[in-house]
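For any residue, its number in the working numbering is found by taking its place in the sequence shown, counting from 1, and adding 28. Note that the Cβ used here is the ideal one computed from N, Cα and C, for glycine as well.
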Amino acid sequence: MPVFTYTAIDASGKAVRSTVEADNEQIVLAKLRDQALHVTDIRRTSSSGRVRSFGRKRMKAKSLVVFSRQFATMIDAGIPIMRCLDILAGQTRDPALKPALDNVTIDVKGGMSLADAIAKHTHCFSKLYVNMIRAAEVGGILDLILDRLAGFLEYEAEVRGKIKSAMMYPTLVFFFSIVMLFALFSFVLPKFKEIFTGMDVEMPPVTAALFAMGDFMNSYWFVILFFVFGTFLGIKLWGRTTNGRYQIDHLKLRLPIVGELSLKMSVARFTRTFGVLINSGVPILRSLEIVGETLNNSVLTQAIDEARTSIREGQKLSQPLGASGLFPNMVTCMIDVGEESGRLPEMLVKVGEFYDNEVETTVKGLTSMIEPALIIFMGVIVGFIAISVMTPIFKLVNSVK
């Protein structure tokens, strides 16, 4: 759909500049007139869609949390939805969220439901968000669902933040280790080689091999870079294919330690998101479809799709999940208990909280293992280089004596 950038004057005389999606300029003008905006300039900038999303600015997760909290508070205070949207669109400063809210405001004023209006802006509002809003509109509990969404988004951001913080130090150690090795091979070893060659020192095989490696890195560094980036790009492109992504995701789950962490993270996200959806009134089959799309593992997504098929055939959710062999026994047992007792949302939330704690514990344990392992590895490498360089020096000293 075409995108138009406009400048207008509102009822208070304030200049307003934003973007809006519409089929043509006449529709834009009509919508803006309905908002009592006097258009002073309008021009078509581009077309919306997947191509534009490549260069589109990303929305900050915190911006959506703040929007949801404020929206919930205003609705709870009895302020009409249109007035809420006008206020929120005017005060947000997020470069991605602001134009989206401007368009949502126009669409809702034009008679569109809030869920349908935000569904057009997938770069800001996920399917989870849209479907919970749709359920809230049907049930008349918009303030409650918005508050629940804000809490859910805050918790997700907190979990991601903890994982990033835990991995920060090992990542820095690894990066500086690579830089140090590069400096040794590029600047230090060539100097020693010049000295040994100039003094006609006989070098042991290990030292000669080390210098040969340094010569290769200095002479063919571009080949090494090309190979590394080529391999990375090849895996990336292969991962975009259906079979490639499935194979990579399957490997992720099979890797020692990392596979366990990946599974725990996916299970935590699955149970937490699923619990929030069905607790908000979204039908179970639709909830499973949304949850499957939020997981970053196609193997688990396929298992959930198969579970949806089994539920349609009359089975309980715990049966196909257990038969898949992917989900831990505790998860399927808790879901089974929840189905039997009619407290499935509560059980899912408890499982989600448990696995969130498990993820945090696993990440801390993993980082506590990675840090000393990296230090020992670098110590061995540096020690090997030092011994390889010092051996010819000792021989030279002995020959002088």
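Which residues in the same chain have their Cβ closer than 6 Å to the Cβ of R162, if we skip the five residues on either side of it in sequence?
A143
To the nearest angstrom, how far is the alpha carbon of I206 from that of V229?
30 Å
Beta-ladder partner(s) of K46, from DSSP
The sequence shown places Ser at residue 46, not Lys. Paired residue(s): Y34.
Is the beta carbon of I312 sitting closer than 8 Å to the one on I318?
no
Is the beta carbon of L125 less than 8 Å from the beta carbon of L181?
no
Strictly by DSSP, which residues pair up with H151?
DSSP, once it has assigned bridges, lists no residue as partnering H151.
Looking only at its chain, what residues have a beta carbon closer than 6 Å to the beta carbon of I173, apart from the 5 residues adjacent to it on each side?
M160, A164 and S308
Inter-residue CB distance, L289 and V387 (contact presumed, cutoff 8 Å)
7 Å
Is G83 helix, strand or coil by DSSP?
Residue placement at G83 is poorly supported in this model, since its pLDDT is 48, which falls under 50; the coordinates are not used for a value here.
Residues bridged to I70 [DSSP beta-bridge criterion]
Y34
Taking only the alpha-carbon atoms, compute the straight-line gap between E321 and G303 and give it to the nearest angstrom.
15 Å
If G380 and T299 are in contact, beta carbons under 8 Å, what's the gap, nearest whole angstrom?
4 Å
Endpoints, alpha helix (DSSP H) assigned at S338
S326 to R340
Residues of its chain near G287, where Cβ-Cβ distance is below 7 Å and the 5 sequence neighbours each way are ignored
K280 and L281
Rounded Cβ spacing between T33 and A43 (contact assumed at less than 8 Å):
No, T33 and A43 are not in contact; Cβ-Cβ is about 13 Å, not under 8 Å.
Straight-line Cα distance separating E49 from K137
14 Å
Between S346 and T360, is the Cβ-Cβ spacing less than 8 Å?
yes
Alpha carbon to alpha carbon, how far is T395 from L113?
44 Å
Among the candidates S326, R336, L65 and Y197, whose CA atom is the shortest distance from the CA of A401?
Y197
Give the DSSP-derived three-state secondary structure of A15 in the structure shown.
Absent from the model: residue 15. The displayed extent of the chain is 29 to 429, so no value can be given.
4 or more residues per run - each alpha helix (DSSP H) lying fully within the region 140–206:
142–147 and 155–167
Spatial neighbours of R437 within its chain, please: C-beta separation below 7 Å, excluding the five flanking residues on both sides.
This structure gives no information on residue 437, because the portion of the chain shown stretches from 29 to 429.
Name the residue from R336, E341, L354 and L316 whose alpha carbon lies nearest to the alpha carbon of H278.
L354
Taking the C-alpha atoms as reference points, what is the distance between G342 and V365?
17 Å
How long is the line joining the alpha carbons of D122 and M87, rounded to whole angstroms?
7 Å
Ignore the nearest five residues each way along the sequence and tell me which others in A147's own chain have a CB closer than 6 Å to its CB.
V158
Can you list, in chain order, the residues of its chain whose CB lies under 6 Å from that of R78, leaving out five sequence neighbours each side?
At R78 the pLDDT is 39, less than 50, meaning the model places this residue with poor confidence; the figure from the coordinates comes in the next sentence. There are no such residues.
The alpha helix (DSSP H) that contains F257, what's its start and end?
W249 to G267
Rounding to the nearest angstrom, what Cα-Cα distance links A128 and S326 in this structure?
30 Å
Beta-carbon contacts of A236 that lie in its chain and below 7 Å, excluding the five residues immediately before and after:
none
Extent of the continuous alpha helix (DSSP H) run through M358:
N357 to S369
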